[in-house]
Every structure is written in C-alpha cells, then in structure tokens.
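**Student:**
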Amino acid sequence: MEKSFDEQNLLERKVTQLETRFAQLDQLDHDSQHNTQFDAIPELSDLRVENTKLKYRISTGMTSILHSVKQLFGTAIREAYPMLTNAPLLVTKSDHADYQCNSALPLSKYLSAEKRLPPRDVANTLIAHLPPNPLIGDVVVAPQGFINITLNKEFVSNSILNVVTTGVHVKPLSDKQANNRVVIDYSAPNIAKEMHVGHLRSTIIGDAIARLMEFVGMDVLRVNHVGDWGTQFGMLLAHLIEKYPDYKTNTPPIADLQAFYKESKKRFDDEPDFKARAYNTTVRLQAKEAEMITAWKQICEISRKEFREVYNLLGVSQHLIERGESFYHELMVEVVKDLEQKKLLIEDEGRKVMFSTDPSAPPLTIVKSDGGYTYDTSDMATLRQRIHDEKAGRIIYVVDGGQSQHFQLIFNCGTLAGYYDPNTVRVEHLGFGVVLGEDKKKFKTRSGDTIRLRELIREGFERSLAKLIEKGRDKELTPEELKAAQEAVAIGCIKYADLSHDRNHEYVFSFDRMLDDRGNTAVYLLYALTRIRSIIRNANLSQDITEMAKKESKLDLSHAREYKLAKQILRFAEVILQIADDLYLHTLCSYLFELSVVFSEFYDQCYCIEKVMEKGVQKVKVNINRIILCEATARVIETGLSLLGIKSVNKM
Ligand code: ARG
Numbered sequence: 001m002e003k004s005f006d007e008q009n010l011l012e013r014k015v016t017q018l019e020t021r022f023a024q025l026d027q028l029d030h031d032s033q034h035n036t037q038f039d040a041i042p043e044l045s046d047l048r049v050e051n052t053k054l055k056y057r058i059s060t061g062m063t064s065i066l067h068s069v070k071q072l073f074g075t076a077i078r079e080a081y082p083m084l085t086n087a088p089l090l091v092t093k094s095d096h097a098d099y100q101c102n103s104a105l106p107l108s109k110y111l112s113a114e115k116r117l118p119p120r121d122v123a124n125t126l127i128a129h130l131p132p133n134p135l136i137g138d139v140v141v142a143p144q145g146f147i148n149i150t151l152n153k154e155f156v157s158n159s160i161l162n163v164v165t166t167g168v169h170v171k172p173l174s175d176k177q178a179n180n181r182v183v184i185d186y187s188a189p190n191i192a193k194e195m196h197v198g199h200l201r202s203t204i205i206g207d208a209i210a211r212l213m214e215f216v217g218m219d220v221l222r223v224n225h226v227g228d229w230g231t232q233f234g235m236l237l238a239h240l241i242e243k244y245p246d247y248k249t250n251t252p253p254i255a256d257l258q259a260f261y262k263e264s265k266k267r268f269d270d271e272p273d274f275k276a277r278a279y280n281t282t283v284r285l286q287a288k289e290a291e292m293i294t295a296w297k298q299i300c301e302i303s304r305k306e307f308r309e310v311y312n313l314l315g316v317s318q319h320l321i322e323r324g325e326s327f328y329h330e331l332m333v334e335v336v337k338d339l340e341q342k343k344l345l346i347e348d349e350g351r352k353v354m355f356s357t358d359p360s361a362p363p364l365t366i367v368k369s370d371g372g373y374t375y376d377t378s379d380m381a382t383l384r385q386r387i388h389d390e391k392a393g394r395i396i397y398v399v400d401g402g403q404s405q406h407f408q409l410i411f412n413c414g415t416l417a418g419y420y421d422p423n424t425v426r427v428e429h430l431g432f433g434v435v436l437g438e439d440k441k442k443f444k445t446r447s448g449d450t451i452r453l454r455e456l457i458r459e460g461f462e463r464s465l466a467k468l469i470e471k472g473r474d475k476e477l478t479p480e481e482l483k484a485a486q487e488a489v490a491i492g493c494i495k496y497a498d499l500s501h502d503r504n505h506e507y508v509f510s511f512d513r514m515l516d517d518r519g520n521t522a523v524y525l526l527y528a529l530t531r532i533r534s535i536i537r538n539a540n541l542s543q544d545i546t547e548m549a550k551k552e553s554k555l556d557l558s559h560a561r562e563y564k565l566a567k568q569i570l571r572f573a574e575v576i577l578q579i580a581d582d583l584y585l586h587t588l589c590s591y592l593f594e595l596s597v598v599f600s601e602f603y604d605q606c607y608c609i610e611k612v613m614e615k616g617v618q619k620v621k622v623n624i625n626r627i628i629l630c631e632a633t634a635r636v637i638e639t640g641l642s643l644l645g646i647k648s649v650n651k652m
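The numbering of the sequence shown is the working numbering, which starts it at 1 and goes up by one.
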C-alpha cells in the first residue's frame, strides 16, 4: 500500500525528532556507564524499538515531484475513465506553471461519440478525480484543455526543511521486488598498452554512473574488464624471456612498458624466427604453463601499477575490481561448447561464427581458424557470467561509441543463445564520442603519439595552480587549503568537461575552456559552492543549522526568488532518477549550473545577513529562513558534485 503524503511527512518528522532524543539519551547512557548512580535507562530501549520500527516503515528522501504528479494524474484518469485502459498520461514541466498535464486533448478523442466532451470539460473531470494530496496547490485549465499545475507552497517548504534536517537522499522509484543488482563494466584499459583518453572517458563516466546508482539504492558491482589475454602476449612474453632470462627470480626492470611493447612489436614484424617463437609462446600461455603464467603476471603487474596511479589521481572508487579477459578463459570454453550444442555456430573458412538476427550485420567470430578465442568470445562469456553468477538485473558497458556494433551483436546473439531475456534483464551499451584536441583532430601529442594520461593529469594540476595564483588565491588561503583547491579544480575540471557534454558527441579537450570560471564549468560551480558556504559561515549561527531547521515548523518563502530557488532545489530528485534510467549525466551538470544561477538571482535580491540600526546601535540581523535555503542549496550542489566524482572544498 502506498502511504499518503501527509502520513509520510509526519513520519519523517517523527523520525527526526526521535533521532534527536535518541542521541541525547545515548549520551546519557554513555555517561551512566561511568557513573554507578544510574541504572540502565528503560526509556532508551523502548525508543530503540520504536525507532527501528519507524525506520522500517519509511524511507526518507526527496521524491521526484514530476513522477508524483504523474502518479496523481494517472489515478485521476483511471478513476474518471476506467474503460480507457491505454489512456495517454502526459505530464511535463511547464513554462506557464510548475507542471502541466496535456492528457485531456487525446482523451477527448478516445472517448466514444456519445460520451465525447470538449478537452476543457475532460480536463475538469480529471481535476475532479484527483486524489487528495499535499503536493498540488492549484490547477487551472486553459481554454484548449491543458491543465496548468502549481505546487503547494507548504509542501515545498516542508521538503526543504527535510533536506536540511535529514540530508539529501532520493527515494528510488523502483518497486521492492525488482532485481536491483547492477553490473557496470568501465575503464577497461589494455595491459602493456597506453591507457588513452577513451579509457579516461570510460573511467570518468563509469565511476559517476556507479556512484549515482548506489545513491538511488542499487547494489552495484564495478568491473574493470582489462585486456590481459590477447595474442599480443605471445610476443611480449617471448621478448621478456629472451631479454631477461632470469625473470623467474628477478622482477624485470621494465620502466617503460610502452617502449617494451614497441620493441617486441618491431622484432615480431622484422624477425620471422621471433614471430614463430611468439606464436608458440601464446599457445603455451593459453595452456597455462606455469613459467608463462609467471612472466605474464609480471607484465600485468607493471601495467596495473600505472593504472592504479591514474585511478588514485582521479579518485576512482576502490570498489572497481579487476576482472580481465583472462578471468573468462574457462568460461569461454563452456560458451563455445554451449553454442555448439545449441547448433548456433557455423563453419566459415575454418572459423566458427555466429550470426545474429540482423541479416545485414557481420557474424561474431567465436573460434578462430587456429582454435583461439576472440574479443567476441570473451564478451559472450562476460554476458553469461554476469547473468548466471552475478544475478544482474541490469548490465551497463561503458565503452566508446566505436564499439557499438560489437555490443549490438553480442546482445542480439546473447538473447538468441538464451543467456538472458531482455524483458527481465536490462543490458545496455553506454557509448560515448571521441576526444578531440583543440585543433579538432583526434587528441594526440605533437609527434602523433597517444597522450599519456598521467602527464595530462599532471598538466591539469599545474594549470589549476596557475589559475588559482592568477586569481590571487595563494594570498588568501593557507598552503593546505590551496593544495586542496588545486586538486579539486584539476580533477574536477577534467571530469566536469567530460560529463557536462551529451556523451554521444565528441568533445574538445581544452584546459583553457575547462578552467574558465564564467561558464558551465567545475570551477564556476566550486566557486559558487564556496561562496554559499561562506555566507553561512558569516551568519555566525549560535547553533548547528540542522538543529535550527528541526525547530522551524515552516519555512517562509514569500519572496518570489526564495520560492523559485526552493523549487529548483527540489528538482534534484527528478534529475537523478531520470539519469538512473537514461544514463545522461550532462543533465545533472546543467541542473547544478542552473541551480547556482537561480541561487545568484536569489542572493541578489534577498538579504541573508543584514546590518541594521537599532536604537542608534548597528546590529547584524540574520535571516534564518534564507540561511536554511543557502544550506539546502549547498548540500544539493555538494551531493551532485560528489556523484560526478568531484571533491568540493570549503574555501577556494
Ligand atoms: N579493453 C577494451 C578496449 O580497450 C574495452 C573493454 C570493454 N569491456 C568489454 N566487456 N568489452 O577497447
């Protein structure tokens, strides 16, 4: 049963009050253990029980208002027109009001001739069937039948107070029965090769999506599908064994794995004998000969160190687990057997291929003519493993758009093979465009080499410090604060530039643009946030703001700009839940940017702290309502940035 909004609000308040009392009693309980005069406090254990029960009954958090309005109108349509089972439910944000419902027009066409009414009358019928709720304040029908909806101010005011008293949480939309296990495949660089900007994008986007999914209550598994099992290993290992014959006892001193890769490749291309030995080494590695495995592990470890360095600089979640192609070796054997049994493989010039249902698409190569497996084979195995063993309800592959056909084929063939049912498991390729240099050409160094990520990030650190110094911040901040700001800006600007563009488009990597503090950039947002934080600090509150908000019964939102800001704050849930569905993170960036613009408009006209003369003495008057609005704004920006993987700072 859905709880009514009133009941929900009441419960949320009750939990907050209880939690305050609970903390006080906990302190008392703690003190009593050092003071034999006190015995156990019976009230405490009762409260604990009551609190657990309450917590069980509610899940606190912001709701998507758009979704709630939709639900209300959905109910109204069902009640008013039970015979129209497929009635269109059209609710959107509105320029004329807060939201609008456009269902009356199509509904009027659906009604049978004898019941037909003009759209305006249909709209009024819908309004008459709206369930009672605290959310909608006013509804006005336009002559054409559009319903303009404005929110109830009291609901907005209560919701803002909740943000400050209970924190920024978003209530998930999904029902409790749904499988909430999500596997996210991202980053995935290749061993012994340079991690390039494509991997950087995958890492940044994947990390943010994983954070967001966890935030809305999903059970997330982060998988780093590194390329650690290709045929290139034969060549690398053969060269390693010949160059460092004592590799079993002494770790080879390879400082530059890319140079080592190039050396091996040159020999592979120039020396036919070496080439033959390389092929033989691949066979020995795939047969898992102990010596080969030792050498292979050494190469992987050198690469892994480099990747880790990049991940640490970027602050990528520690939960990203490495499960490279080699992890699926045995599973690939099973997949091949399985596909053969299901008669899905076709012999083609010595290869074994599998066709999808798309007659125009090429087939997947499952077994090569030399008996080896391919990227296709490994992805059929990952798909099967993630569904069978990981019990995923959703799988997201964060890989550049260039691989879109590969994934379409894998998903199509995976369904054909019965590995999953698209109606119950959601399997998606989250693609993205290429990164361009400022010359609008593929992002490369001047000599045409792949850009090294560590160097790129290091440049970000230098440029960010230069920018802070240019703004004279080094004179204002302590060395620690300056360092924190430098890091937040450097990493923040790289991530934000990536995330703030529609991911399907290519984007131009330009530090100048990223570090601009005037546009929709990380720098702008970080500054906006520190400004809000400093307004709150300057209010010199005598008490913790959360405690103060708990005591307020109502937030005054009489100024138009206060109200506009409050409503913008509350849109957060709607934006987050939309991204959890469509995976377009740039909408979160636009939302945060818009929020900080709306905040500036508010701050322009609404004094938060005012110097007033009282009986000839100058006094500082703090408007607590507005400070609470500042706090709610700051918390939403902080939460939003943290979901994007961007650290915020108190001073900058
Ligand atoms: N290592 C691959 C590359 O660099 C990406 C792997 C993505 N994940 C996957 N399951 N195919 O192109």
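Every residue, glycine too, gets a C-beta built ideally from N, C-alpha and C.
#1: Just to confirm the assignment, what range does the beta strand (DSSP E) spanning Ile136 have?
#2: By the three-class DSSP mapping on this structure, what secondary structure does Ile321 have?
#3: Any heavy atom of the ligand ARG closer than 7 Å to the CB of Ala188?
#4: CB of Gly418 to nearest heavy atom of the ligand ARG: below 7 Å?
#5: Return yes when at least one heavy atom of the ligand ARG lies under 7 Å from the C-beta of Tyr584, else no.
#6: Decide if Arg446 is buried, meaning its Cβ has at least 16 other Cβ atoms within 10 Å, or exposed.
#7: Specify the secondary structure class of Arg657 as computed by DSSP and reduced to three states.
#8: What are the boundary residues of the beta strand (DSSP E) that Gln618 is part of?
#9: Can you look up Glu653 in the DSSP assignment and give me helix, strand or coil?
#10: Would a C-beta distance cut-off of 8 Å place Leu555 and Asn623 closer than the cut-off?
#11: Here's the rule I'm using: 16 or more other beta-carbon atoms within 10 Å means buried, otherwise exposed. How should Gln33 be labelled?
#12: For Leu482, which residues in the same chain have their Cβ closer than 7 Å to its Cβ, ignoring the five residues on either side in sequence?
#13: Taking 7 Å as the cut-off, is the CB of Thr661 close to at least one heavy atom of the ligand ARG?
#14: Do Gly431 and Glu506 have their C-beta atoms within less than 8 Å of each other?
#15: Do Pro131 and Thr165 have their C-beta atoms closer together than 8 Å?
#16: Would you identify the three-state DSSP class for Glu610, choosing helix, strand or coil?
#17: Tell me the DSSP bridge mates of His429?
#18: Leaving out the 5 sequence neighbours to the left and right, which residues in its chain are closer than 7 Å to Ser378 when beta-carbon positions are compared?
#19: What does the alpha-carbon distance come out to for the pair Leu525 and Glu487?
#20: Cβ of Asp379 within 7 Å of any heavy atom in the ligand ARG?
#21: Identify whether Phe531 lies in helix, strand or coil by the three-state DSSP scheme.
#22: Report the CB separation of Asn148 from Ser94 in whole angstroms; it is logged as a contact under 8 Å.
#23: Could one say the Cβ of Ser303 lies closer than 8 Å to chain C's Cβ atoms, at least one of them?
#24: The ligand ARG and Asp185: does the residue's C-beta get closer than 7 Å to at least one heavy atom of that ligand?
#25: Note down the Cα distance separating Leu237 from Gln286, rounded to an integer number of angstroms.
#26: Out of Tyr311, Arg561, Leu577 and Leu588, point me to the one whose CA is closest to Tyr607's CA.
#27: Check the DSSP bridge columns for Asn190 and list the partner residues they point to.
#28: Over what stretch of residues does the alpha helix (DSSP H) that includes Tyr99 continue unbroken?
#29: Val353 lies in the beta strand (DSSP E); which residues open and close that run?
#30: Ends of the beta strand (DSSP E) at Leu557?
#31: Can you tell which of Val223, Lys193 and Met213 has the C-alpha that lies nearest to the C-alpha of Ser202?
#32: Which residues does DSSP list as the beta-bridge partners of Lys442?
#33: Please report the Cβ distance between Glu390 and Val183, rounded to the nearest whole angstrom; I am assuming they are in contact, meaning their Cβ atoms lie under 8 Å.
#34: Leaving out five residues before and five after Thr294 in sequence, what residues of the same chain have Cβ atoms less than 8 Å from its Cβ?
#35: Mind checking whether Ala539 and Leu161 have CB atoms under 8 Å apart?
#36: Pick helix, strand or coil for Thr63, following the three-state DSSP scheme.
**Tutor:** Looking at the atomic coordinates:
#1: Ile136 to Val141
#2: strand
#3: yes
#4: no
#5: Taking 7 Å as the cut-off, one finds no heavy atom of the ligand ARG near enough to the beta carbon of Tyr584.
#6: exposed
#7: As shown, the chain starts at 1 and ends at 652. That puts residue 657 outside it, with no answer to give.
#8: Val617 to Val622
#9: Limits of the chain in this structure are 1 at one end and 652 at the other, which puts residue 653 out of reach.
#10: no
#11: Residue placement at Gln33 is poorly supported in this model, since its pLDDT is 45, which falls under 50; the coordinates are not used for a value here.
#12: Leu468, Arg473 and Asp474
#13: Coverage of the chain is limited to positions 1 through 652, which leaves residue 661 absent and any answer about it impossible.
#14: One thing to note: Gly431 has its Cβ no nearer than 8 Å to the Cβ of Glu506.
#15: no
#16: strand
#17: Tyr397
#18: Glu325, Tyr328 and Met332
#19: 15 Å
#20: Between the ligand ARG and the CB of Asp379, the shortest heavy atom gap is smaller than 7 Å.
#21: Per the sequence presented here, residue 531 reads as Arg, with Phe not at that position. The answer is helix: DSSP assigns Arg531 an H, G or I state.
#22: Contact flag correct, Cβ pair sits at about 6 Å.
#23: Protein chains in the displayed structure number just one, and chain C is not present.
#24: yes
#25: 12 Å
#26: Arg561
#27: Gly227
#28: That residue, Tyr99, is in no alpha helix (DSSP H); its beta strand (DSSP E) goes Tyr99 to Cys101.
#29: Arg351 to Met354
#30: Run containing Leu557: none; DSSP gives neither H nor E here.
#31: For the residues Val223, Lys193 and Met213, the minimum Cα distance to Ser202 belongs to Val223.
#32: Leu436
#33: 6 Å
#34: Tyr247 and Lys248
#35: Ala539 places its beta carbon 8 Å or farther from that of Leu161.
#36: coil
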